[in-house]
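Participant: After the structure tokens below, expect a handful of questions from me.
There are 2 protein chains.
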Amino acid sequence: MRIAIPKETHPGENRVPVIPETVKKLCLLGAEVVIEPGMGTGSGFSDEHYLDAGASIQPDRNKLFAEAEVLLRLRKPTLEEVPMIPSGCVHISYLDPFNEHELVRALQQQGVTAISMEMIPRTTRSQKMDALSSQANLAGYVTVLLAANHLPSILPMMMTPAGTLKPAKVFILGAGVAGLQAIATAKRLGAKVTAFDTRPVVAEQVQSLGATFLEIDLGDTGETAGGYATELTPEQIEKQRQAQKDVIAQSDVVITTAQVFGRKPPVLVTRDMVEGMQPGSVIVDMAAETGGNVEGSVPGETVEVNGVKIIGQANLPNNVCRDASKMYSSNLFNLVEDVWDKESKRFVVDFEHDILPGCIITHGGEVTNATIKNILEGGN
Amino acid sequence: MRIAIPKETHPGENRVPVIPETVKKLCLLGAEVVIEPGMGTGSGFSDEHYLDAGASIQPDRNKLFAEAEVLLRLRKPTLEEVPMIPSGCVHISYLDPFNEHELVRALQQQGVTAISMEMIPRTTRSQKMDALSSQANLAGYVTVLLAANHLPSILPMMMTPAGTLKPAKVFILGAGVAGLQAIATAKRLGAKVTAFDTRPVVAEQVQSLGATFLEIDLGDTGETAGGYATELTPEQIEKQRQAQKDVIAQSDVVITTAQVFGRKPPVLVTRDMVEGMQPGSVIVDMAAETGGNVEGSVPGETVEVNGVKIIGQANLPNNVCRDASKMYSSNLFNLVEDVWDKESKRFVVDFEHDILPGCIITHGGEVTNATIKNILEGGN
Numbered sequence: 001m002r003i004a005i006p007k008e009t010h011p012g013e014n015r016v017p018v019i020p021e022t023v024k025k026l027c028l029l030g031a032e033v034v035i036e037p038g039m040g041t042g043s044g045f046s047d048e049h050y051l052d053a054g055a056s057i058q059p060d061r062n063k064l065f066a067e068a069e070v071l072l073r074l075r076k077p078t079l080e081e082v083p084m085i086p087s088g089c090v091h092i093s094y095l096d097p098f099n100e101h102e103l104v105r106a107l108q109q110q111g112v113t114a115i116s117m118e119m120i121p122r123t124t125r126s127q128k129m130d131a132l133s134s135q136a137n138l139a140g141y142v143t144v145l146l147a148a149n150h151l152p153s154i155l156p157m158m159m160t161p162a163g164t165l166k167p168a169k170v171f172i173l174g175a176g177v178a179g180l181q182a183i184a185t186a187k188r189l190g191a192k193v194t195a196f197d198t199r200p201v202v203a204e205q206v207q208s209l210g211a212t213f214l215e216i217d218l219g220d221t222g223e224t225a226g227g228y229a230t231e232l233t234p235e236q237i238e239k240q241r242q243a244q245k246d247v248i249a250q251s252d253v254v255i256t257t258a259q260v261f262g263r264k265p266p267v268l269v270t271r272d273m274v275e276g277m278q279p280g281s282v283i284v285d286m287a288a289e290t291g292g293n294v295e296g297s298v299p300g301e302t303v304e305v306n307g308v309k310i311i312g313q314a315n316l317p318n319n320v321c322r323d324a325s326k327m328y329s330s331n332l333f334n335l336v337e338d339v340w341d342k343e344s345k346r347f348v349v350d351f352e353h354d355i356l357p358g359c360i361i362t363h364g365g366e367v368t369n370a371t372i373k374n375i376l377e378g379g380n
Numbered sequence: 001m002r003i004a005i006p007k008e009t010h011p012g013e014n015r016v017p018v019i020p021e022t023v024k025k026l027c028l029l030g031a032e033v034v035i036e037p038g039m040g041t042g043s044g045f046s047d048e049h050y051l052d053a054g055a056s057i058q059p060d061r062n063k064l065f066a067e068a069e070v071l072l073r074l075r076k077p078t079l080e081e082v083p084m085i086p087s088g089c090v091h092i093s094y095l096d097p098f099n100e101h102e103l104v105r106a107l108q109q110q111g112v113t114a115i116s117m118e119m120i121p122r123t124t125r126s127q128k129m130d131a132l133s134s135q136a137n138l139a140g141y142v143t144v145l146l147a148a149n150h151l152p153s154i155l156p157m158m159m160t161p162a163g164t165l166k167p168a169k170v171f172i173l174g175a176g177v178a179g180l181q182a183i184a185t186a187k188r189l190g191a192k193v194t195a196f197d198t199r200p201v202v203a204e205q206v207q208s209l210g211a212t213f214l215e216i217d218l219g220d221t222g223e224t225a226g227g228y229a230t231e232l233t234p235e236q237i238e239k240q241r242q243a244q245k246d247v248i249a250q251s252d253v254v255i256t257t258a259q260v261f262g263r264k265p266p267v268l269v270t271r272d273m274v275e276g277m278q279p280g281s282v283i284v285d286m287a288a289e290t291g292g293n294v295e296g297s298v299p300g301e302t303v304e305v306n307g308v309k310i311i312g313q314a315n316l317p318n319n320v321c322r323d324a325s326k327m328y329s330s331n332l333f334n335l336v337e338d339v340w341d342k343e344s345k346r347f348v349v350d351f352e353h354d355i356l357p358g359c360i361i362t363h364g365g366e367v368t369n370a371t372i373k374n375i376l377e378g379g380n
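Protein chains in written order, with the UniProt record's numbering: chain V, 1 to 380; chain E, 1 to 380.
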């Protein structure tokens with residue numbers, strides 16, 4: 001079965017979908033792996049690395065697509081690329097199906113089996129394929145490094161003959177995968193860390209990392225089966241804002257990681273809270289790209305409001321692209337291996353599989369995912 | 001006694017010589033403190049902060065200088081500024097007297113009492129005034145953050161469902177104040193750290209921080225009374241280079257902090273060693289500004305050689321300018337307080353003092369420092 005891996009084309013993207021080590025593993029499964037030249041360059045892997053691992057190289061991108069039975073990618077295809085994908089081909093990538101309606105329709109009409117990495121269910125067995133988590137984990141690490149690099153003071157306490165420098169105060173909003181890694185990294189660097197999450201169940205995890213959990217009584221909150229926070233009511237959001245206001249004013253660093261699956265993230269840090277912080281303080285808004293947790297954050301930019309820096313950089317895992325590529329590549333492989341038929345040496349689109357059907361968006365000319373189908377048909 | 005504090009004028013310098021808290025302490029000693037407007041801006045201190053602390057403000061820079069009895073500064077004066085300093089005034093700042101011969105002559109002829117912060121002797125009692133150490137300490141922290149921000153992988157080990165990421169390998173050359181802090185910071189972030197120093201005496205300190213000390217038998221080496229490494233012979237340097245070559249080739253990050261007091265730093269990492277590293281690796285050359293420990297490093301720039309990034313950024317403490325200002329300000333205050341006469345409420349230029357004479361370069365129209373005098377007269 002021919003697995004093709006084109007080069008990523010998104011500007012600034014240095015992550016690559018598959019690393020040489022994974023190519024080796026795919027070949028061991030019996031797959032034929034073909035890559036586009038320079039596919040691994042962004043993360044420091046040369047064509048020679050891939051050739052050594054057993055891949056062959058196809059310099060003609062159109063041919064690469066035309067002859068593919070499975071396409072392994074990182075970012076969603078562009079609309080222009082969809083006609084290049086053969087009907088019946090399995091296309092695995094991020095897809096953003098909640099928002100990319102036109103793209104989903106195009107993939108459906110093209111007869112592509114489009115698998116969305118975002119839709120891997122969050123179960124124990126599928127963790128190994130969960131790219132959202134693997135990338136969020138690295139993003140959490142990056143947020144703290146970015147903050148530390150922009151802060152005019154150090155994170156750890158330092159006792160010196162010239163006096164003692166107090167540890168920086170870091171407040172982390174949202175203690176999901178990214179938030180927990182941000183907490184761990186800030187703690188490693190010696191900061192005094194406080195965190196909040198609307199899911200009371202994570203308080204213990206926060207505390208086990210050595211951070212303080214900010215207690216706010218929001219009444220009834222909870223989490224989805226997938227482990228995401230459920231959306232708050234406007235009253236609950238207001239209550240949270242008020243309760244965290246003082247903590248934010250006293251913080252040197254605020255990192256916001258609040259996401260609600262499939263929806264616009266909530267604005268948790270308002271303009272007056274930003275203005276309440278000391279000049280020189282730093283906010284990292286991990287949600288900037290999708291709407292922002294922080295009022296005034298600009299996607300892809302660092303802006304200054306009253307001397308407070310707000311970092312809205314998108315694609316944080318890209319900062320540690322090599323490790324991010326390793327993790328994503330591993331996620332892809334684990335998915336492929338899990339549905340691979342060892343007899344026929346083929347990727348099997350099996351709608352009886354426990355994980356696969358949930359992340360197939362289109363197949364055989366249909367939108368097979370019920371949630372996405374509902375949205376496309378005007379539901380919500 | 002009137003203490004004047006002008007604004008720093010060096011491009012990009014955000015550290016400030018004196019913070020408001022120190023102004024308060026100077027006023028308590030009985031000093032009259034006058035600052036130039038905007039003196040603290042770089043590190044986030046407003047004129048109001050200084051007014052509240054007891055300072056007054058003199059917007060006329062010429063007048064500020066003309067009426068000063070003591071000038072407290074961070075960077076050395078420019079040659080053009082020397083005629084602005086009143087004869088008999090005490091001018092305390094970095095001075096770089098080993099290299100700034102013309103400046104030292106000008107200060108001598110102007111009749112200034114020029115005190116060089118670099119020349120504070122490294123004794124137990126003078127630690128509190130030692131700006132080289134306080135700034136090197138912060139610089140060591142900054143080197144690791146810079147490296148981590150440029151590295152395409154993370155520093156800590158991470159065990160995830162998608163696989164395990166190994167800890168980054170960090171090699172630190174020179175385990176003085178900066179090197180030790182770099183080791184501590186890299187260890188905090190979870191890296192696997194190896195270090196080397198020509199002074200065998202620091203092996204224990206390196207190991208107590210959890211790092212591996214690279215054993216290289218260089219024969220006779222040692223340190224000065226001030227704790228600096230003594231200069232190696234060309235043969236010893238070559239031996240060190242060979243012995244560290246393999247470690248460098250296997251390292252993700254190399255940080256060089258080797259300084260020899262008053263001399264050009266040694267080149268420890270040669271071009272072939274840089275080329276032996278994996279693409280994506282990062283080198284931070286802390287000595288780039290004064291000549292460089294790394295072949296190919298460029299002062300103030302990040303260059304790429306064979307995919308290896310070499311960071312030659314100057315003035316690393318400036319990255320954490322607020323804490324650097326706090327430390328420097330505290331160093332200045334500790335020096336002033338130590339020689340302050342409480343009766344007359346004056347800074348006393350006392351050549352019987354145990355610390356002061358060593359760091360006075362010029363006084364009463366003479367070059368009083370024997371080492372510097374010798375250099376100026378053509379010695380070495």
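Beta carbons: idealized from backbone N, C-alpha and C, even for Gly.
Taking only beta-carbon atoms, is E:Leu316 less than 8 Å away from chain V?
Facilitator: For E:Leu316, the answer is no, since every Cβ of chain V falls outside 8 Å of its Cβ.
Participant: Using a 10 Å radius around the Cβ and a threshold of 16 neighbouring Cβ atoms, would you call V:Asp341 buried or exposed?
Facilitator: By the neighbour-count rule (16 or more Cβ atoms within 10 Å), V:Asp341 is not buried but exposed.
Participant: Tell me which residue opens and which closes the beta strand (DSSP E) that V:Leu165 is part of.
Facilitator: Unbroken beta strand (DSSP E) run through V:Leu165: Gly163 to Leu165.
Participant: Comparing alpha-carbon positions, which option in E:Gln278, E:Val308 and E:Gly276 lies nearest E:Asp285?
Facilitator: The shortest C-alpha separation from E:Asp285 is found at E:Val308.
Participant: Confirm, please, whether the CB-CB distance from V:Tyr328 to V:Ser43 is below 8 Å.
Facilitator: Going by C-beta atoms, V:Ser43 is not nearer than 8 Å to V:Tyr328.
Participant: So, at 7 Å on beta carbons, what are the nonlocal neighbours of E:Asp246 in its own chain, with the 5 sequence-adjacent residues on each side left out?
Facilitator: Closer than 7 Å at the Cβ level, and outside the excluded window around E:Asp246, lies no residue.
Participant: Kindly indicate the opening and closing residues of the alpha helix (DSSP H) around V:Asp323.
Facilitator: Element bounds for V:Asp323: Cys321 to Val339.
Participant: Indicate the three-state DSSP secondary structure (helix, strand or coil) for E:Ile355 in the structure shown.
Facilitator: Reduced to three states, the DSSP call for E:Ile355 is coil.
Participant: Can you tell me whether E:Gly174 is buried or exposed? The criterion is at least 16 other CB atoms within 10 Å of its CB, across all chains shown.
Facilitator: E:Gly174 is buried by the Cβ-count criterion.
Participant: Mind listing the chain E neighbours of V:Ala175? Cutoff is C-beta to C-beta under 7 Å, in chain order.
Facilitator: Under the 7 Å cutoff, chain E gives no residues; its nearest Cβ is about 17 Å from V:Ala175.
Participant: Check whether the Cβ atoms of V:Asn315 and V:Glu13 lie closer than 8 Å to each other.
Facilitator: The answer is yes: Cβ separation under 8 Å.
Participant: Select from V:Ile92, V:Gly262, V:Thr143 and V:Ser297 the residue whose C-alpha is nearest the C-alpha of V:Thr230.
Facilitator: Of the candidates V:Ile92, V:Gly262, V:Thr143 and V:Ser297, the one whose C-alpha sits nearest the C-alpha of V:Thr230 is V:Gly262.
Participant: Have a look at E:Ala249, E:Val82, E:Phe98 and E:Ile35 and flag the residue whose alpha-carbon is nearest the alpha-carbon of E:Asn374.
Facilitator: With distances taken between Cα atoms, E:Asn374 lies closest to E:Phe98.
Participant: Spell out the partners DSSP gives V:Ala136 in its beta bridges.
Facilitator: DSSP, once it has assigned bridges, lists no residue as partnering V:Ala136.
Participant: Quick check: is the beta carbon of V:Gln127 nearer than 8 Å to any beta carbon in chain E?
Facilitator: Output row for V:Gln127: interface = yes.
Participant: Just list the beta strand (DSSP E) runs in the segment 37-90 of chain E, keeping only unbroken ones of 3 residues or longer that don't cross its boundaries, in chain order.
Facilitator: Counting only runs of 3 or more, we get 70-72.
Participant: Counting C-beta neighbours from all protein chains within 10 Å, is the total for E:His10 16 or more, i.e. buried, or is it exposed?
Facilitator: It is exposed - the Cβ of E:His10 has fewer than 16 other Cβ atoms within 10 Å.
Participant: Look up E:Glu275 in the DSSP assignment and say whether it is helix, strand or coil.
Facilitator: Reduced to three states, the DSSP call for E:Glu275 is helix.
Participant: Say whether chain V places a C-beta atom closer than 8 Å to the C-beta of E:Lys25.
Facilitator: Not closer than 8 Å to any Cβ of chain V, the Cβ of E:Lys25 fails to qualify, so no.
Participant: Residues of chain V with CB under 8 Å from E:Val320, in chain order?
Facilitator: Under the 8 Å cutoff, chain V gives Leu151, Pro152, Ser153 and Ile154.
Participant: Under 9 Å between beta-carbons, which chain V residues line up against E:Lys326? List them in chain order, please.
Facilitator: What E:Lys326 touches in chain V: Ser153, Ala162, Gly163 and Leu165.
Participant: On the DSSP letters alone, give me the boundaries of the alpha helix (DSSP H) that E:Asp246 sits inside.
Facilitator: That run of the alpha helix (DSSP H) goes Pro234 to Ala249.
Participant: Quick one: which chain V residues come within Cβ less than 8 Å of E:Tyr94?
Facilitator: Those within 8 Å of E:Tyr94 in chain V number zero; the least Cβ separation is about 15 Å.
Participant: Could you spell out where the beta strand (DSSP E) holding V:Leu268 opens and where it closes?
Facilitator: Where V:Leu268 is concerned, there is no enclosing beta strand (DSSP E), given that its DSSP letter is neither H nor E.
Participant: Name the chain V residues that come within less than 8 Å of E:Asp47, Cβ to Cβ?
Facilitator: Correct list: empty, because the minimum Cβ distance to chain V is about 14 Å.
Participant: In whole angstroms, give me the CA-to-CA distance for V:Arg73 and V:Val144.
Facilitator: So the alpha carbons of these two residues sit roughly 28 Å apart.
Participant: Does the Cβ-Cβ distance between V:Tyr141 and V:Val339 come in under 8 Å?
Facilitator: Going by C-beta atoms, V:Tyr141 is not nearer than 8 Å to V:Val339.
Participant: Under a three-way DSSP split, which group does E:Val112 fall into?
Facilitator: Here E:Val112 sits in coil by DSSP.
Participant: Nearest CA to the CA of E:Met117: which residue from E:Asn334, E:Val34 and E:Gln205?
Facilitator: That would be E:Asn334, whose Cα lies nearest to the Cα of E:Met117.
Participant: Taking the alpha helix (DSSP H) that E:Val206 falls in, what are its first and last residues?
Facilitator: Looking at the DSSP string, the run of the alpha helix (DSSP H) that includes E:Val206 is Ala203 to Ser208.
Participant: Given a limit of 7 Å on CB to CB distance, which residues of the segment 169-199 of chain V reach chain E?
Facilitator: Answer set for the segment 169-199 of chain V: Arg188, Leu189 and Gly190.
Participant: Of all the alpha helix (DSSP H) runs that stay within the bounds of the segment 140-204 of chain E, which reach a length of 4 or more residues?
Facilitator: The segment 140-204 of chain E contains these whole alpha helix (DSSP H) runs: 177-188.
Participant: Is E:His101 helix, strand or coil by DSSP?
Facilitator: Note: E:His101 maps to helix in three-state DSSP.
Participant: Does the segment 117-126 of chain E come into contact with the segment 352-368 of chain E, if we say contact requires no fewer than three beta-carbon pairs (one atom in each stretch) closer than 8 Å?
Facilitator: As far as the Cβ criterion goes, the segment 117-126 of chain E touches the segment 352-368 of chain E, which means the pair count is three or higher.
Participant: Using a C-beta to C-beta distance shorter than 7 Å, which residues of chain E count as neighbours of V:Tyr141?
Facilitator: Within chain E, the residues near V:Tyr141 are Ile154.
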